[in-house]
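*Asks:* Residue numbers (this note's numbering): 975 to 1266. C-beta: ideal position from N, C-alpha, C; glycine also. Below: one structure in structure tokens.
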Amino acid sequence: MYKWPVRLCWCIVCVCSNANAAQILRAPTFTTSHAIIDYFYEQLDLAVEATQEDFGELKVVRVAIPVEEERQLRNLNEDIADIAWATCSRERNELYTPVAIPFSAGLFGIRLAVVRESDQTISRVDSLPSLRSLVAVQSSKWHDFIVLQQNGLTVLASDRFSAYRAVERGLADFYPRGVAEITEEMAAANVPQLAIAPNFALRYPVFFIVYVKKDNALLAKRLTTGFERTINSGQYKALLHEKAWFQEAMQLLQHRQFVDLENHQVDDKCMQAGKYIPDLLGVVKSSSDKPG
975 MYKWPVRLCW
985 CIVCVCSNAN
995 AAQILRAPTF
1005 TTSHAIIDYF
1015 YEQLDLAVEA
1025 TQEDFGELKV
1035 VRVAIPVEEE
1045 RQLRNLNEDI
1055 ADIAWATCSR
1065 ERNELYTPVA
1075 IPFSAGLFGI
1085 RLAVVRESDQ
1095 TISRVDSLPS
1105 LRSLVAVQSS
1115 KWHDFIVLQQ
1125 NGLTVLASDR
1135 FSAYRAVERG
1145 LADFYPRGVA
1155 EITEEMAAAN
1165 VPQLAIAPNF
1175 ALRYPVFFIV
1185 YVKKDNALLA
1195 KRLTTGFERT
1205 INSGQYKALL
1215 HEKAWFQEAM
1225 QLLQHRQFVD
1235 LENHQVDDKC
1245 MQAGKYIPDL
1255 LGVVKSSSDK
1265 PG
């Protein structure tokens, strides 16, 4: 006759214990490794920490199985993960809720050309019309493939590393790669016959952001609030500028002719991320320069 009260007390203890426990934010694991990816998690941790007091304790854990971008997004609706990192697009904004903060400060939309070191043709490129006489190669899985096509370029479909071989063998003239990842990736591809074209860079609006499930308004609000706080405090920018890959990217952009392309896949929600970019790419203020 005394078992029921004991069980009731045990249940109450369990409920209270769970109520006081930290909530979990399940973040995806990428299929590739790069210092930029480590930086993404660092920025996420800062945003979560900046909102602990008013939104509650939250712990970031990584989903064990690495997945590519499209799978990251699908995992949101399948309740496998709580966030996905992906390139912002009109279509994705209809399916998921964007947190419009540009994780790479727009650098994924600035592309340098990987070319054959012996090819002098590329040195004459200074405009979009001059590029249209050449053949680009790009992964067909990426939004960049469509961007290049929509701007009138001839594009050979490939994948991330096979594209280097296509340039090497003369099947394509150049392979546009992000300025923040190009040197590390070329080293991994082991292509000593290839080089970075020294004279120009492609530039178009690309925003690599966080998405959450469409109905997860609370998490979207928390992350937006957290990132805005770290941006306003200078933490976001300071972390970005201390990274070696960022410093190298800014050096690589010196003295280049920019060839601007249009990106018809972005909408106003994507462009909201762009408002942060000029400040993020600028000089970091000292503590004495920060507004009080």
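1. Rounded to the nearest angstrom, what separates A1009 and A1154 at their Cα positions?
2. From E1037 to S1104, what does the alpha carbon distance come to, in whole angstroms?
3. Does the pairing of the region 1158-1167 with the region 1069-1086 give three or more beta-carbon distances under 8 angstroms?
4. How many Å lie between K916 and Y1210 at the Cα?
5. Nearest by alpha-carbon distance to T1005: which of L999, E1043, F1014, Y1149 is it?
6. Taking just the CA atoms, how far does T1095 sit from N1051?
7. If you draw a straight line from the alpha carbon of V1041 to that of G1126, how long is it in whole angstroms?
8. Spell out the partners DSSP gives Q997 in its beta bridges.
9. Could I get the ranges of all uninterrupted beta strand (DSSP E) runs contained in the region 1113-1147, with 3 residues as the minimum, in chain order?
10. Can you tell me which of the three DSSP states A1038 falls into?
11. Report the residue from V1180, A1137, A1058 whose alpha carbon sits nearest the alpha carbon of E1236.
12. Report the residue from I1039, V1233, E1031, W1059 whose alpha carbon sits nearest the alpha carbon of Q1017.
13. Can you tell me the Cβ-Cβ gap for S1113 and S1097, rounded? I've got them flagged as a contact below 8 angstroms.
14. What is the C-beta distance between L999 and L1213, in whole angstroms, given that I count them as a contact (C-beta under 8 angstroms)?
15. Please name the residue, chosen from F1014, Q1239, M1245, Y1015, that lies closest to L1122 on a Cα-to-Cα basis.
16. At what residues does the beta strand (DSSP E) containing F1201 begin and finish?
17. When you compare the CB positions of I1205 and I1057, do they come within less than 9 angstroms of one another, or not?
18. In angstroms, rounded to a whole number, what distance separates the CA positions of L1130 and L1192?
19. Return yes when the Cβ of V1089 is within less than 9 angstroms of the Cβ of I1170, no when it is not.
20. With a threshold of 8 angstroms on Cβ separation, who are the neighbours of R1048 within its own chain once the five nearest residues in sequence on each side are excluded?
21. Using the Cβ count rule (16 or more neighbours within 10 Å means buried), how would you classify V1099?
22. Please go through the region 1224-1251 and give each complete alpha helix (DSSP H) segment of 4 or more residues, from N-terminal end onward.
23. Going along the chain, which residues of its own chain have a beta-carbon closer than 8 angstroms to the beta-carbon of F1174, five neighbours each way excluded?
24. For the alpha helix (DSSP H) containing R1066, name the first residue and the last one.
*Replies:* Judging by the given coordinates:
1. Their backbone Cα atoms lie some 10 angstroms apart in a straight line.
2. Correcting the residue identity first, residue 1037 is Val in this sequence and not Glu. Going by the C-alpha atoms only, they are around 45 angstroms apart.
3. no
4. Within the shown structure, residues of the chain are numbered from 975 to 1266, placing residue 916 beyond reach of any answer.
5. E1043
6. 47 angstroms
7. The alpha-carbon atoms of V1041 and G1126 are separated by roughly 32 angstroms.
8. L1032
9. Runs found: 1128-1132.
10. strand
11. Answer by Cα proximity: V1180.
12. W1059
13. Rounded, the Cβ-Cβ distance is 25 angstroms, inconsistent with contact.
14. Contact doesn't hold; Cβ gap of about 19 angstroms is too wide.
15. Q1239
16. Note, F1201: premise wrong, no beta strand (DSSP E); alpha helix (DSSP H) at 1191-1207.
17. no
18. 42 angstroms
19. yes
20. none
21. Buried: at least 16 other Cβ atoms inside 10 Å.
22. For the region 1224-1251, the full-length alpha helix (DSSP H) segments reaching 4 residues or more read 1242-1248 along the chain.
23. A1087, V1099, D1100, R1230, Q1231, F1232, V1233
24. 1064-1069
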